[in-house]
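**Student:**
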Amino acid sequence: MNKKTRIAAAVATAAVTIASGAAQAARIDPFGLGGGGGSYEVGNIGWNNGNAISTPISTATGSVNNTAVGDTIQTYGHAKLQGFSDSDGNTIVIAGFNPNNWSYVSGFSEKVSDAPSLGARTFQTTTVAGQANFFQLWANGTGAVDLTGKGFNGDGGATLLLQGTIADYDSTSGIGQTSFDSSSVSPGTLDQFGADNYAGYLSGKGTGGGKINAIINYVNSAYFLDGISLLTLDLFTDTFQNLPFLQVNPSSCFWDGSAYISGAGNGIAGGCGVAGDFGTIGIVNGSETRGDPAWTNAIFQTRATTVLPPGLPEPGSLALLAAGLVGLSAARRKRAAR
Numbered sequence: 288m289n290k291k292t293r294i295a296a297a298v299a300t301a302a303v304t305i306a307s308g309a310a311q312a313a314r315i316d317p318f319g320l321g322g323g324g325g326s327y328e329v330g331n332i333g334w335n336n337g338n339a340i341s342t343p344i345s346t347a348t349g350s351v352n353n354t355a356v357g358d359t360i361q362t363y364g365h366a367k368l369q370g371f372s373d374s375d376g377n378t379i380v381i382a383g384f385n386p387n388n389w390s391y392v393s394g395f396s397e398k399v400s401d402a403p404s405l406g407a408r409t410f411q412t413t414t415v416a417g418q419a420n421f422f423q424l425w426a427n428g429t430g431a432v433d434l435t436g437k438g439f440n441g442d443g444g445a446t447l448l449l450q451g452t453i454a455d456y457d458s459t460s461g462i463g464q465t466s467f468d469s470s471s472v473s474p475g476t477l478d479q480f481g482a483d484n485y486a487g488y489l490s491g492k493g494t495g496g497g498k499i500n501a502i503i504n505y506v507n508s509a510y511f512l513d514g515i516s517l518l519t520l521d522l523f524t525d526t527f528q529n530l531p532f533l534q535v536n537p538s539s540c541f542w543d544g545s546a547y548i549s550g551a552g553n554g555i556a557g558g559c560g561v562a563g564d565f566g567t568i569g570i571v572n573g574s575e576t577r578g579d580p581a582w583t584n585a586i587f588q589t590r591a592t593t594v595l596p597p598g599l600p601e602p603g604s605l606a607l608l609a610a611g612l613v614g615l616s617a618a619r620r621k622r623a624a625r
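Per the working numbering, residue 288 is the first one in the sequence shown, and the count goes up by one each step.
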């Protein structure tokens, strides 16, 4: 074997080592002990049914109702953790860990790319640079409550696990696009999960979905033991933006990144608004304002999965890469000496 071949073989060996040694999922210590609470290979973070609200930024009608192509809306959301799964979709069981201690909050702007017209019911948007833009994971704060919509952020001394911003729509991959299809224009009861906490509130029906990228700029290394630069918030087609609310309570409040805003309102204990105020969504959620300028928004039931990218190469792999590069450098020095 000549010198060039030996050098190429050394570099190739190092490269193969990196590829085979890279983690197949991100390593997480759910207790935040830097690995002392265990190291679990997590491929997906599954979220419970949660809430989202859309509010107008720039629309012809001043609401999210009857929007046109080119209009811009702002969306905020939150949910509690359901659990973790590995890269093959198998549930990871962690003794002593309470998933409800983890939650997420998000906010991003969307541009309407396809709006309902006569005979059509599809509403489609793409993510764009806009107002409040954030994606955050929190743990161990005041318990998050779906009905009030509070406790999903940093309330009560919660620990920030990860944060970033939502990326603009990518036309090549299609990531950053969501849609909602109205299956019925006949309104029914909004809150159909357990007791009706919003008597008199009505809503249309429909389903939607899409994928949204979160570009991460901070990771708490006590919880996430590998470097993570990009997450994909995979919003299931058959459950994102569900209406009416069948698996979770509609939220009275939403976090906009700096303060709580009224969602369904209604003076829920610990929530927002006063009894019978219909919050910011109106009597018929997402359908009509009935002349009240405060009723401009629409809320949705959501269900999401955060897909974790593979972590950084293990330390041993990095060491082997360094050895390969050192070998390459030494070979070059010998060749130069001759």
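C-beta atoms are modelled at their ideal positions from N, C-alpha and C, and glycine is treated no differently. Since the model is a prediction, treat every value here as computed from it, not as a measurement.
Measure from the alpha carbon of Q479 to the alpha carbon of each residue in L434, Y505 and G324, then state which is nearest.
**Tutor:** That would be L434, whose Cα lies nearest to the Cα of Q479.
**Student:** Rounding to the nearest angstrom, what Cα-Cα distance links I340 and D316 in this structure?
**Tutor:** Each residue's alpha carbon lies about 31 Å from the other.
**Student:** When you compare the CB positions of S469 and G493, do they come within less than 9 Å of one another, or not?
**Tutor:** Cβ distance < 9 Å, so S469 and G493 count as in contact.
**Student:** Mind checking whether S390 and E328 have CB atoms under 9 Å apart?
**Tutor:** Contact: no.
**Student:** Checking 9 Å against the spacing of the C-beta atoms, do D401 and S466 come in under that value?
**Tutor:** Cβ atoms of D401 and S466: closer than 9 Å.
**Student:** How would you write the range of the beta strand (DSSP E) that S393 sits in, first residue to last?
**Tutor:** W389 to D401 is the extent of the beta strand (DSSP E) around S393.
**Student:** Using the three-state DSSP reduction, which class does P474 fall into: helix, strand or coil?
**Tutor:** Strand at P474.
**Student:** Secondary structure at G444, three-state DSSP: helix, strand or coil?
**Tutor:** In the structure shown, G444 sits in a helix (DSSP, three-state: H, G or I).
**Student:** From which residue to which residue does the beta strand (DSSP E) around V432 run?
**Tutor:** Where V432 is concerned, there is no enclosing beta strand (DSSP E), given that its DSSP letter is neither H nor E.
**Student:** On the three-state DSSP scale, how would you describe P630?
**Tutor:** Because the chain spans 288 through 625 in this model, residue 630 falls outside it and cannot be assessed.
**Student:** If you draw a straight line from the C-alpha of F565 to the C-alpha of G557, how long is it?
**Tutor:** Their Cα atoms are separated by approximately 16 Å.
**Student:** Would you say Q464 and T412 are within 9 Å of each other, going by their C-beta atoms?
**Tutor:** In contact: Q464 and T412 (Cβ atoms closer than 9 Å).
**Student:** Between the alpha carbons of S539 and A482, how many angstroms are there, rounded?
**Tutor:** Those two C-alpha atoms are separated by around 15 Å.
**Student:** Grouping DSSP H, G and I as helix and E and B as strand, with all else coil, what is Q479?
**Tutor:** It is coil, neither helix nor strand.
**Student:** For R590, which three-state DSSP category applies?
**Tutor:** The answer is coil: DSSP assigns R590 none of H, G, I, E or B.
**Student:** If I measure Cβ to Cβ from Q423 and keep anything under 6 Å in the same chain, skipping five residues before and after, which residues do I get?
**Tutor:** So the qualifying residues of the chain are V392 and Q450.
**Student:** Does T414 pass the burial test, meaning 16 or more other C-beta atoms within 10 Å, or should it be called exposed?
**Tutor:** T414 should be labelled buried.
**Student:** Who are the Cβ neighbours of I515 in its own chain at under 8 Å, not counting the five residues just before and after it?
**Tutor:** Result list for I515: A313, L449, I503, V506, L595, P596 and G598, in chain order.
**Student:** Since I believe Q361 is in contact with T342 (beta carbons under 8 Å), could you give me their beta-carbon distance rounded to a whole number of angstroms?
**Tutor:** 5 Å between Cβ atoms; contact.
**Student:** Rounded to whole angstroms, what is the Cα-Cα separation between F421 and D543?
**Tutor:** Distance between the alpha carbons of F421 and D543 is about 9 Å.
**Student:** Judging by CA-CA distance, which residue of D455, A454 and G438 is the nearest neighbour of L447?
**Tutor:** Here the closest residue by C-alpha is G438.
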